[in-house]
Amino acid sequence: MTSWLLQAVLLYGEGEPVDVRTDGERIVEIGAALPVGDSRAYDAAGCVLLPGLVDLHTHLREPGREDAETVETGTRAAALGGFTAVHAMANTDPVADTAGVVEQVWRLGQEAGHCDVAPVGAVTVGLGGEQMAELGTMADSAARVRVFSDDGKCVSDASLMRRALEYVKAFDGVIAQHAQEPRLTVGAQMNEGITSSRLGLTGWPAVAEEAVIARDCLLAGHVGSRLHVCHVSTAGSVELIRWAKGKGWDVTAEVTPHHLSLTDDLACSYDPVFKVNPPLRTDVDVEALRAGLADGTIDCVATDHAPHALEDKETEWGAALPGMTGLETALSVVVDTLVEPGLMSWRQVAERLSETPARIGRLEGHGRPLAVGEPANLCLVDPAARWTVDARAMATRSRNTPFAGHELPARVRATFLRGRPTVLDGKATS
Ligand SMILES: [Zn+2]
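So in the numbering used here, spot 172 of the sequence shown is number 180, and the numbers just go up one at a time.
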């Protein structure tokens, strides 16, 4: 395998420029103005080097909806976004609720080779919310599942949630909850508030999220297990997670780029590209989410990349499926909303988009320090680049990005997966 010499990079965006040499799957040398030798030199002056990004929450849609995305197209999009590993959510068709399906998704990821795919196992059979899936056999499978979620649906039965939390302790797993009290969100179309009243759309109230988070934090504390809260969207949820952490409970949480940047007044356009679950909230919520991510109450950013075929999205608001793509814009949105305004450093970007999600997902070899001997899973970013999002020019098979036409800062120039470039000069290598 080619040895690479990344020249004049800023590690975590800090300090003096250094050169980073890879050989085989690892970083073998870091220093100022290293000799090129037998390596292939890559001029990266001005670029920030981060550990490869890790997504805890990606919908790859395969098996079942290959018209919206495949493991191949989704992971190529991930690599272009700087990711070296993604967790593939279980709400496929068939549902990833057996060792057979999670191993299939894992193998498709290996074959595509753009980034590692860690399948998420369903908590309940068929996402039905009634019978616990075979979590242990998924954990023991070749896919080594550690994250379990019925995402798209909430595990609303408190007794079942308690048993699932207890069960995953045996193999250091975590339950990732899509917090949505179903009885409070029947027919919900958007955030419940002034805008939903004005538009006459059924509201999805903040309390439907917060009630489940409060209950699950209490359950996780009671049984001493790990809970991860998916896509936190309200100011009240941030307060609850801060409270649970203060108790010493093992609770972690993620926020999406779109909840860090967009608000519910976008629904006034009736453009279903802005329909998502949980819905876009208010300015007050966005501010609280940014502050919560910056101060560590919210542990990480996760994309909730949710590609949809045209016919499911380009229809009237009420009939459109909720969800937005996000893998190729996530880093830029975080830079736009947190780094450039001075709320977060690049060092914190490495924590929130790589180190912490890798730790929550118990992924080996990802989110590691930029140091000699570590796996060369790397994300090289040009912080000075500016680009305009073009939905048609993306690697994802779907076009439902809410950022189409937006000018965003920072662009991924290269991604390395175990020493092999998956992206070079901003283009996928395969
Ligand atoms: Zn969800």
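From the three backbone atoms N, C-alpha and C, an ideal C-beta is built for every residue, glycine too.
For clarity, every value in this text was computed on a predicted model and none was experimentally measured.
The straight-line gap separating the alpha-carbon atoms of residue 294 and residue 242 is approximately 8 Å. Between ligand 1 and the CB of residue 160, the shortest heavy atom gap is smaller than 8 Å. Here DSSP, grouped into helix, strand and coil, assigns residue 125 to strand. The segment 312–325 and the segment 388–397 do not touch, with fewer than three beta-carbon pairs separated by less than 8 Å. Less than 9 Å separates the beta-carbon of residue 132 from that of residue 141. In the three-state reduction of the DSSP assignment, residue 165 falls in the coil class, being assigned neither a helical nor a strand state. Its chain contains 195, 196 and 197 as the residues whose beta carbon lies nearer than 6 Å to that of residue 210, once the 5 sequence neighbours on both sides are disregarded; these appear in chain order. Taking 9 Å as the cut-off, the beta carbon of residue 31 is found no closer than this to the beta carbon of residue 14.
Beyond the five residues adjoining it in sequence on each side, residue 383 comes within less than 7 Å, by CB distance, of 33, 34, 373, 376 and 426 in the same chain, given in chain order. In the structure shown, residue 140 adopts extended strand secondary structure according to DSSP, grouped into three states. Minimum Cα-Cα distance from residue 135 among the listed residues 179, 323 and 169 corresponds to 169. The C-beta distance from residue 61 to residue 362 rounds to 5 Å, short enough to fall under 8 Å. Residue 81 carries a helical assignment under DSSP once its states are collapsed to helix, strand and coil.
By the beta-carbon neighbour count (other beta carbons within 10 angstroms, threshold 16), residue 438 is exposed. In the three-state reduction of the DSSP assignment, residue 345 falls in the helix class. Taking one beta carbon from each stretch, the segment 294–306 and the segment 323–334 have fewer than 3 pairs nearer than 8 Å; the two do not touch.
Proximity of the segment 112–121 to the segment 71–87 meets the contact definition, three or more beta-carbon pairs being nearer than 8 Å.
Per DSSP, residue 39 is one residue of the beta strand (DSSP E) stretching across 34–39. Of the residues assessed, residue 204 falls on the buried side of the cut-off, its CB having 16 or more other CB atoms within 10 angstroms. In this structure, the beta-carbon distance from residue 182 to residue 146 does not fall below 9 Å.
Look at residue 230 here: in three-state DSSP terms it is helix. Between residue 68 and residue 36, the C-beta spacing is not below 9 Å. In the three-state reduction of the DSSP assignment, residue 307 falls in the coil class. The straight-line gap separating the alpha-carbon atoms of residue 287 and residue 166 is approximately 24 Å. Rounded to whole angstroms, the gap between the alpha carbons of residue 352 and residue 346 is 5 Å. Here DSSP, grouped into helix, strand and coil, assigns residue 268 to coil.
Not one heavy atom of ligand 1 is found less than 8 Å from the C-beta of residue 123. Shown here, residue 9 sits in coil according to DSSP, grouped into three states, outside any helix or strand. No heavy atom of ligand 1 is found nearer than 8 Å to the CB of residue 408. For residue 384, the secondary structure class from DSSP, reduced to helix, strand or coil, is coil.
Here the alpha carbons of residue 106 and residue 258 stand approximately 27 Å from one another. The shortest C-alpha to C-alpha distance from residue 338 to any of 88, 38, 49 and 51 is the one to 88. In this structure, the alpha-carbon of residue 400 lies about 6 Å from that of residue 407. Going by C-alpha positions, residue 356 is about 23 Å away from residue 333. In the three-state reduction of the DSSP assignment, residue 395 falls in the strand class.
Note on residue 217: 16 or more other CB atoms within 10 angstroms of its CB, so buried under the neighbour-count rule.
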